[in-house]
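**Q**
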Amino acid sequence: MKLPEKYSLTAKGIQLSYELYRSDRQTLEISVHPDGNVAVTAPHDTSLLKIEEKVRKRAIWIDRRIQEFEQLPPPLAPRQWISGETHRYLGRQYRLKVEIGEIPSVKLKGAFFHVCVSDRTDTDSICQMMEAWYRQRSRPFFEQRLSLCLRSSKPFLDLEKVDMTIRKMQSRWGSCTPSGQIVLNLDLIKAPTPCIDYIIMHELCHLQVMNHSPKFWQLLTKCMPDWEKRQQTLAKLEI
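Taking my numbering, the leading residue of the sequence shown gets 432, the next gets one more, and so forth.
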């Protein structure tokens, strides 16, 4: 198989590199792989000028896909929901301790999550109770961090009040909507506070710059100079 040709360009303020593959297909295709590599597959007779024009037109989409892969939460290890298993809360690790009792409950004491159930083998109930515990605490904590991020970014972001939604997401830590709302992954409550602040600030900056152009990264750096360190910590975290 012939090695791909490599090209780079700048479009809409976004720097892109891609590998060009020639094939017998009739149409041009652009794909972004999970490792961030961009592949362009084009018919043999398609000119480089036409290929570059197509890549330029889809620059924002390509950049968004790359960033989505970079923001992916690490894959979760299969949970057994049994005593001794480790679970995180605000970055710290706690052991799960499943106990028998008449009143179902979840309590965080010392280094343990104490989960009281009538049947230790009912792992579905234990899972649901733990998720409810996280959800109950995520709303007030995320709102507090959002308020602090809005305050600290005041010199750079003209935002007074921002609505927030919390939900389980498989493909990202956070997102924002065209209406000006930010969406946070429930599992983010398991991350350290500096990482939570990073995701919130990242999405707040998107309310002003919707893509990942140099302008966006410059804005994020003004609002949070150490964002790269926080991003790296989050990327290595096993939730």
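Cβ coordinates follow ideal geometry from the N, Cα and C atoms, glycine included.
#1: For serine 644, which of helix, strand or coil comes out of DSSP?
#2: Check whether the stretch 529 to 544 touches the stretch 491 to 500, taking contact to mean three or more Cβ pairs, one atom from each stretch, closer than 8 Å.
#3: Terminal residues of the continuous alpha helix (DSSP H) containing threonine 477?
#4: On the CB-based measure, 16 or more other CB atoms within 10 Å of its CB, does methionine 432 come out buried or exposed?
#5: In whole angstroms, what separates the C-alpha of glycine 444 from that of isoleucine 531?
#6: Nearest-angstrom Cα distance between phenylalanine 647 and threonine 552?
#7: CA-CA distance, arginine 661 and leucine 440?
#8: With DSSP as the reference, identify every bridge partner of asparagine 468, one or two as the case may be.
#9: Can you tell me the Cα-Cα spacing of alanine 442 and threonine 554, whole angstroms?
#10: Quick test of the definition: if touching needs 3 or more C-beta pairs under 8 Å, does the stretch 470 to 479 touch the stretch 446 to 458?
#11: Quick one: what does DSSP say alanine 473 is sitting in, helix, strand or coil?
#12: Using 9 Å as the threshold, is the C-beta distance between threonine 596 and cysteine 626 below it?
#13: In the stretch 600 to 625, which residue ranges form an unbroken beta strand (DSSP E) of at least 3 residues, counting only runs that do not cross its ends?
#14: Buried or exposed for lysine 667, going by 16 or more other Cβ atoms inside 10 Å?
#15: Between which two residues does the beta strand (DSSP E) holding phenylalanine 543 run?
#16: On the DSSP letters alone, give me the boundaries of the beta strand (DSSP E) that arginine 568 sits inside.
#17: Could you check the C-alpha separation between glutamine 612 and serine 454 for me, to the nearest Å?
#18: Give every residue of the same chain whose Cβ lies closer than 6 Å to the Cβ of tryptophan 658, excluding the five residues on either side of it in the sequence, and list them in chain order.
#19: With which residues is threonine 664 paired in a DSSP beta bridge?
#20: If you follow the beta strand (DSSP E) that glutamine 524 is part of, which residue opens it and which one closes it?
**A** Checking against the coordinates, here is how it stands:
#1: Shown here, serine 644 sits in coil according to DSSP, grouped into three states, outside any helix or strand.
#2: no
#3: DSSP places threonine 477 in no alpha helix (DSSP H); its state is neither H nor E.
#4: With a pLDDT of only 49 at methionine 432, under the threshold of 50, the placement of this residue in the model should not be trusted; the figure read from the coordinates follows. With fewer than 16 other Cβ atoms within 10 Å, it is exposed.
#5: 59 Å
#6: Here the C-alpha atom of phenylalanine 647 lies approximately 49 Å from the C-alpha atom of threonine 552.
#7: 29 Å
#8: For asparagine 468, DSSP records no beta bridge to any residue.
#9: 51 Å
#10: yes
#11: DSSP places alanine 473 within a strand segment (E or B) once states are collapsed to three.
#12: no
#13: 605 to 607 and 613 to 616
#14: exposed
#15: For phenylalanine 543, the enclosing beta strand (DSSP E) has its first and last residue at 543 to 548.
#16: It is not in any beta strand (DSSP E) - arginine 568 instead sits in the alpha helix (DSSP H) that spans 554 to 583.
#17: If you take the alpha carbons of glutamine 612 and serine 454, they lie about 43 Å apart.
#18: Tyr629 and Leu651
#19: Beta-bridge pairing links threonine 664 to no other residue.
#20: 523 to 531
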